[in-house]
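What follows is one structure encoded as C-alpha cells, with my remarks underneath.
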Amino acid sequence: GLARLGRAGARPDAAIASPGSAARADDGAPEDGGLRTLGLQFEPRRKLVRRPGQWQGPRDEPAQRAVHVDRIGLRPMVRSDRGAWVKDGLTWQNIAFQASAARIDPAQSRWFGQFAALKSAGPAIGGYGSEWLTLEEFDSPLLWAMLAEAQRLGIALVGGDAVPRVQLSARVEVGFDVRATGPALTAAEPGAAAGAGDALQPHP
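The opening position of the sequence shown corresponds to residue 1134 in our numbering, with each subsequent residue numbered one higher.
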C-alpha cells in the first residue's frame, strides 16, 4: 500500500517539484565530475527495547514492517561519482561546512543547516554527531516550505529498502470508518485521502 504522512492544511511558500525528483538510496546516474548532489533520506525506524540493567541510551534501527514504525528518520546523503546515494561521512553537525571539501553545492549545504535549525528544542535522540534526526522533532509550520525549497534547489528526497520512493505531494486527511458489526461489536478501519496542500508519500 501507499503510506502517507503530513500536516493537514500546511502549505509551502515555494513551488513543489514534480514527482520525478523522488529517488531511492541506490538510484541515480553517474555524476559528470562537477558538484555532487545532496539528498535527504527518509527511513522508517523503530525503537530497540533495552533489557533491565542495560546502561546504553535509547537506540533504534530500520523498521521492516509498518506496524513496527515508531518514527521517520532523516539524514543527509550525497550522490557518489558512481551514481549511488551514500553517507560519505556527512552528519547534521558537519554538512553545513563541507561544501568545498565534499564537492557539494554551497546552497544545498546551507539548506541542511537551516533545516536542522528548525528542529524543536531539546536533546537529539542520538546526541552529538548523530546521523539521524526524526520527523517528530519538527513542529515548525515552515517544515513543508523547507521541503519544497529543497526540491527547488535540486536536493533529492531519498528513500531506502523499506520505502524506495518519497514524494512531496497533496495534503493527507486521516480518518476512521466505524461500523456496527453486531449488538456490541464495532469495527474501525483506518483510511487516508489526499487533498490540497502537502504531504510526504513514501512509496513501497
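Backbone N, C-alpha and C fix where the C-beta goes; we use that ideal spot for every residue, glycine too.
| Query | Result |
| --- | --- |
| Taking Cβ to Cβ, would you say Gly1206 is nearer than 8 Å to Ala1289? | no |
| Could you say which of Trp1265, Leu1280 and Gly1246 lies nearest to Val1299 if we only look at CA atoms? | Leu1280 |
| Does Pro1209 come out as helix, strand or coil in the three-state DSSP assignment? | strand |
| Any idea which residues DSSP pairs Trp1225 with across the strands? | Paired residues: none, contrary to the question. |
| Give the secondary structure of Glu1176 by DSSP, where H, G and I count as helix, E and B as strand, and everything else as coil. | strand |
| So, using beta-carbon positions, are Trp1225 and Leu1275 closer together than 8 Å? | no |
| Using the C-alpha atoms, what's the distance from Arg1243 back to Phe1230? | 8 Å |
| Identify the continuous alpha helix (DSSP H) that holds Ala1196 and give its terminal residues. | Element bounds for Ala1196: n/a, residue is neither H nor E. |
| Indicate the three-state DSSP secondary structure (helix, strand or coil) for Leu1301 in the structure shown. | strand |
| Below 6 Å CB to CB, which residues in the same chain sit around Arg1169 once its five sequence neighbours on both sides are set aside? | Val1211, Arg1212, Arg1236 and Ile1237 |
| Between Glu1176 and Ala1283, is the Cβ-Cβ spacing less than 8 Å? | no |
| Looking at Leu1301: is its Cβ nearer than 8 Å to the Cβ of Ala1240? | no |
| Secondary structure at Leu1171, three-state DSSP: helix, strand or coil? | strand |
| Which residues bound the alpha helix (DSSP H) around Ala1250? | Pro1239 to Ala1250 |
| Spatial neighbours of Glu1264 within its chain, please: C-beta separation below 6 Å, excluding the five flanking residues on both sides. | Arg1208 and Thr1224 |
| Tell me which residues share the same chain as Val1219 and place their Cβ nearer than 7 Å to its Cβ, disregarding the 5 neighbours each side in the sequence. | Met1210, Val1211 and Ser1213 |
| Counting along the chain, where does the beta strand (DSSP E) carrying Leu1290 start and finish? | Ala1289 to Val1291 |
| What number of angstroms, rounded off, separates the C-alpha of Ala1217 from the C-alpha of Arg1204? | 25 Å |
| Name the residue from Ala1234, Asp1272 and Ala1232 whose alpha carbon lies nearest to the alpha carbon of Ala1250. | Asp1272 |
| Using CA atoms only, rank isn't needed, just tell me which of Gln1174, Ile1228, Arg1179 and Val1182 is closest to Gly1246. | Ile1228 |
| Compute the Euclidean distance between the alpha carbons of Lys1180 and Ala1196, then round it to the nearest angstrom. | 9 Å |
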